[in-house]
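Visitor:
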Amino acid sequence: MNKRLAPAHQRLYGDYWVLWYKLSNSYSVIDNAFKILLDYYLVSNTVEDFENQLAIDYKTSIPKNIVHTIEAYLKSCNKDTTTPKKILVEIDLSHRSMVEHYSIRGKAIQIYYDSELVLKTIHPALAHLAAEATSNQDITFDVYIKKKQLYLFKNEQLICCVPQRDYHLMQGQFIMHLICLTHHKVKDDWIGTFHGSTLTDGNSSVLFIGESGKGKSTLCALLAANGFDLVADDVSPMLSLSKNMYYNPSAISIKQGAFNTLEPLVDGFKDLPVLQFNKSKGLIKYIPCKSPEEDFYPCRGIILVNYKPKAETKLENVSIKTILETLIPESWLSPNPIHAKEFLDWLETVRIFQLTYSDTKSVTEALTQLFLELKKN
7 MNKRLAPAHQ
17 RLYGDYWVLW
27 YKLSNSYSVI
37 DNAFKILLDY
47 YLVSNTVEDF
57 ENQLAIDYKT
67 SIPKNIVHTI
77 EAYLKSCNKD
87 TTTPKKILVE
97 IDLSHRSMVE
107 HYSIRGKAIQ
117 IYYDSELVLK
127 TIHPALAHLA
137 AEATSNQDIT
147 FDVYIKKKQL
157 YLFKNEQLIC
167 CVPQRDYHLM
177 QGQFIMHLIC
187 LTHHKVKDDW
197 IGTFHGSTLT
207 DGNSSVLFIG
217 ESGKGKSTLC
227 ALLAANGFDL
237 VADDVSPMLS
247 LSKNMYYNPS
257 AISIKQGAFN
267 TLEPLVDGFK
277 DLPVLQFNKS
287 KGLIKYIPCK
297 SPEEDFYPCR
307 GIILVNYKPK
317 AETKLENVSI
327 KTILETLIPE
337 SWLSPNPIHA
347 KEFLDWLETV
357 RIFQLTYSDT
367 KSVTEALTQL
377 FLELKKN
């Protein structure tokens with residue numbers, strides 16, 4: 007039996023086990039029944055020992071394909087995801103067709119773009135941070151398309167190169183470097199950057215997650231217009247040292263379906279520019295928000311957001327399985343075993359919910375009450 011395939015970390019949350027596999031840096035959620043079988047398999051020396059021990063303890067016949075099922079599961083959880091070596095590509099300065107300047111926490115940033123198409127992948131979320139050009143720049147980025155590949159350079163060193171259609175991967179890399187610059191950190195300082203938006207009441211914070219189109223960003227914009235502060239939209243970074251969520255200076259992206267809802271609630275919303283990345287995404291506006299008073303806040307809750315027209319507002323407990331199935335696939339989580347353990351430790355401390363809503367008033371009241379409860383605990 008290959009015991010090297012065993013999970014490096016494991017934790018029980020309610021009715022489910024969350025396992026972390028080092029080789030693949032992957033998390034798996036399984037029920038207790040399968041966990042028992044997995045444990046039997048991993049402590050057995052041979053398949054025959056495994057089957058005999060199960061027959062003795064269970065006193066019943068074991069499904070013939072159980073060994074195959076466990077072996078296939080472990081194989082899928084241990085796919086080597088070793089990062090390939092960086093491609094050495096020199097920057098092509100001929101693509102510097104336009105430049106924008108920004109100021110973030112006193113840091114001067116300039117970004118060169120090769121076209122309007124490329125500019126709108128980054129600039130709209132940072133437009134509220136635009137500044138006059140200065141003689142000294144703290145950091146320079148270059149973003150351009152060449153042979154249907156999208157390139158991102160930082161101080162003329164290649165950060166990533168992705169197919170043009172996968173521009174969101176480049177956005178993620180850019181935001182990570184922006185967050186590190188903002189908080190004087192490096193990538194290895196973070197437990198991860200979660201695909202979700204974080205809001206605070208000035209005391210603690212809550213991470214809102216959900217699939218695209220489920221109303222996550224709309225809800226955050228609504229709450230930001232009702233006294234809460236946005237800590238991060240779409241990419242929420244958590245620091246290893248403190249397990250706090252940190253400020254991400256990007257604006258909130260809002261899809262066309264929420265324009266009518268937010269226009270009377272957000273000052274100047276009607277005058278915000280309308281953008282279109284592609285037909286599938288539809289029209290988008292970016293809402294700038296004021297910075298929170300602090301750079302970081304402890305995160306005490308995770309809420310899976312689901313907007314449904316004419317639905318009653320419900321904030322219900324939900325399983326860790328449901329939460330992680332949404333949170334993990336599009337988040338970046340550090341492959342460091344220490345960080346993986348810290349992530350599992352943090353999950354033990356947070357309250358998790360599923361939110362269904364349609365009415366803006368009742369959902370604001372429900373979440374205001376939740377923040378008050380979190381403040382007491």
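Start counting the sequence shown at 7; every next residue gets the next number (this note's numbering).
For every residue, glycine included, the Cβ atom is placed at its ideal position computed from N, Cα and C.
#1: Apart from the five residues on each side of it in sequence, which residues of its chain come closer than 6 angstroms, Cβ to Cβ, to Q143?
#2: Pull up the distance between the alpha-carbon of N323 and that of L123, whole angstroms please.
#3: Compare the beta carbon distance of F302 and N254 with 8 angstroms and say whether it is the shorter of the two.
#4: Looking only at C-alpha atoms, which of S141, I165, F214 sits nearest to Q362?
#5: Report yes if the CB atom of N312 is closer than 8 angstroms to the CB atom of Q375, and no otherwise.
#6: Leaving aside the five residues before and after N383 along the sequence, list all residues of the same chain whose C-beta is less than 8 angstroms from its C-beta, in chain order.
#7: Rounded C-beta distance between C83 and S34? I'm assuming under 8 angstroms.
#8: Alpha carbon to alpha carbon, how far is V272 from A136? Give it in angstroms, no decimals.
#9: First and last residue of the alpha helix (DSSP H) that includes N58?
#10: Please classify D277 as buried or exposed, where buried requires at least 16 neighbouring CB atoms within 10 angstroms.
#11: Beta-carbon separation of S203 and S223 under 8 angstroms?
#12: Who are the near neighbours of E299 in its chain, counting only those whose CB is closer than 8 angstroms to its CB and skipping five residues on each side?
#13: Using DSSP with H/G/I as helix, E/B as strand and the rest coil, what is L289?
#14: For A257, which of W352, P335, I181 has the nearest alpha-carbon?
#15: Could you check if I344 is buried or exposed, using at least 16 other CB atoms within 10 Å of its CB as the buried criterion?
#16: Output the distance between the C-alpha atoms of A131 and D240, rounded to the nearest integer angstrom.
#17: To the nearest angstrom, report how far apart H201 and K191 are at their CA atoms.
#18: How about H101 and D148: are their beta carbons less than 8 angstroms apart?
#19: Looking at C-alpha atoms only, which residue of I72, Y79, T188, L43 is the closest neighbour of K63?
#20: Measure the Cβ-Cβ separation of K316 and S364 and say whether it is below 8 angstroms.
#21: What residue range is occupied by the uninterrupted alpha helix (DSSP H) comprising Y173?
#22: Below 8 angstroms between beta carbons: does that hold for I260 and A227?
#23: So what does DSSP say about L361, is it helix, strand or coil?
#24: Measure the CB-CB distance between V73 and V53 and report whether it falls below 8 angstroms.
#25: Excluding the five sequence neighbours on either side, which residues of its own chain have a C-beta within less than 8 angstroms of the C-beta of L187, listed in chain order?
#26: Quick check on DSSP: helix, strand or coil for Q143?
#27: Nearest CA to the CA of P169: which residue from D21, F159, K154, M244?
#28: With distances taken between CB atoms, is the gap from Y27 to A14 smaller than 8 angstroms?
#29: Quick check on DSSP: helix, strand or coil for P343?
#30: Kindly list the residues whose CB is nearer than 8 angstroms to the CB of I326, restricted to its own chain and excluding five residues on each side of it in sequence; keep chain order.
Guide: For this structure:
#1: Start at 1 with the first residue of the sequence shown, and residue 143 comes out as number 137. Non-local beta-carbon contacts of Q143 in its own chain, meaning distances under 6 angstroms to residues more than five positions away in sequence, involve A114, Q116 in chain order.
#2: Indexing the sequence shown from 1 puts residue 323 at position 317. Indexing the sequence shown from 1 puts residue 123 at position 117. Cα-Cα distance, rounded: 42 angstroms.
#3: For the purposes of this step, residue 302 is identified with residue 296 of the sequence shown, where counting begins at 1. For the purposes of this step, residue 254 is identified with residue 248 of the sequence shown, where counting begins at 1. No.
#4: To locate residue 362, count along the sequence shown from 1; it is residue 356. According to the sequence as given, residue 362 is Thr; it is not Gln. Checking every option, the nearest Cα to that of T362 belongs to F214.
#5: Position 306 of the sequence shown, counted from the first residue, corresponds to residue 312. Position 369 of the sequence shown, counted from the first residue, corresponds to residue 375. The answer is no: Cβ separation not under 8 angstroms.
#6: As a working mapping, residue 383 is identified with position 377 in the sequence shown. Cβ neighbours of N383 within its own chain (closer than 8 angstroms, five residues either side excluded): R306.
#7: To locate residue 83, count along the sequence shown from 1; it is residue 77. To locate residue 34, count along the sequence shown from 1; it is residue 28. Indeed, because the Cβ distance is near 5 angstroms, the residues count as touching under 8 angstroms.
#8: The sequence position of residue 136 within the sequence shown is 130, counting from 1. The sequence position of residue 272 within the sequence shown is 266, counting from 1. Looking at the two C-alpha atoms, the distance is approximately 21 angstroms.
#9: On the sequence shown, position 52 is the one that residue 58 refers to. N58: member of the alpha helix (DSSP H) spanning 53-64, first to last residue.
#10: Walking along the sequence shown from the start, residue 277 turns up at place 271. By the neighbour-count rule (16 or more Cβ atoms within 10 Å), D277 is not buried but exposed.
#11: The residue you call residue 203 lines up with position 197 of the sequence shown. The residue you call residue 223 lines up with position 217 of the sequence shown. Taking a C-beta distance under 8 angstroms as the contact criterion, S203 and S223 qualify as a contact pair.
#12: Locating residue 299 in the sequence shown gives position 293, counting from the first residue. Sequence-distant Cβ neighbours of E299 in its own chain, meaning closer than 8 angstroms and more than five residues away, are G208, D235.
#13: Residue 289 sits at position 283 when you count from the first residue of the sequence shown. Strand.
#14: Residue numbering aside, residue 257 sits at position 251 when the sequence shown is read from its first letter. When only C-alpha atoms are compared, the closest one is I181.
#15: For the purposes of this step, residue 344 is taken as the residue at position 338 of the sequence shown. Exposed, by the Cβ-count rule.
#16: The residue labelled residue 131 in the question sits at position 125 within the sequence shown. The residue labelled residue 240 in the question sits at position 234 within the sequence shown. Rounded to whole angstroms, A131 to D240 spans 11 angstroms at the Cα level.
#17: By one-based count along the sequence shown, residue 201 stands at place 195. By one-based count along the sequence shown, residue 191 stands at place 185. Approximately 20 angstroms between the Cα atoms of the pair.
#18: The residue given as residue 101 occupies position 95 in the sequence shown. The residue given as residue 148 occupies position 142 in the sequence shown. H101 is a Cβ neighbour of D148, given a cutoff of 8 angstroms.
#19: As a working mapping, residue 63 is identified with position 57 in the sequence shown. Residue identity check: residue 63 is Asp in the sequence provided, not Lys. Comparing Cα positions, the closest option is L43.
#20: If you number the sequence shown from 1, residue 316 lands on position 310. If you number the sequence shown from 1, residue 364 lands on position 358. In contact: K316 and S364 (Cβ atoms closer than 8 angstroms).
#21: On the sequence shown, position 167 is the one that residue 173 refers to. Residues 173-189.
#22: In the sequence shown, the residue the question calls residue 260 occupies position 254. In the sequence shown, the residue the question calls residue 227 occupies position 221. Yes, these two residues count as a Cβ contact at 8 angstroms.
#23: To locate residue 361, count along the sequence shown from 1; it is residue 355. Under the three-state reduction of DSSP output, L361 falls in the strand class.
#24: On the sequence shown, position 67 is the one that residue 73 refers to. On the sequence shown, position 47 is the one that residue 53 refers to. Yes.
#25: As a working note, residue 187 is residue 181 in the sequence shown. Residues of the same chain with a CB within less than 8 angstroms of the CB of L187, apart from the 5 flanking positions on each side, are I110, K113, I115, D144, I145 in chain order.
#26: On the sequence shown, position 137 is the one that residue 143 refers to. Here Q143 sits in coil by DSSP.
#27: In the sequence shown, the residue the question calls residue 169 occupies position 163. Between P169 and the set D21, F159, K154, M244, the nearest pair of CA atoms involves K154.
#28: On the sequence shown, residue 27 is found 21 positions in, with the first residue counted as 1. On the sequence shown, residue 14 is found 8 positions in, with the first residue counted as 1. In this structure, A14 lies closer than 8 angstroms to Y27 by Cβ.
#29: As a working mapping, residue 343 is identified with position 337 in the sequence shown. Helix, per DSSP.
#30: As a first step, residue 326 is located in the sequence shown; it is residue number 320 there, counting from the start. If you ignore the 5 residues before and after I326, its C-beta comes within less than 8 angstroms of the C-beta of Y19, G20, Y22, V24, V35, L353, I358, all in its own chain and listed in chain order.
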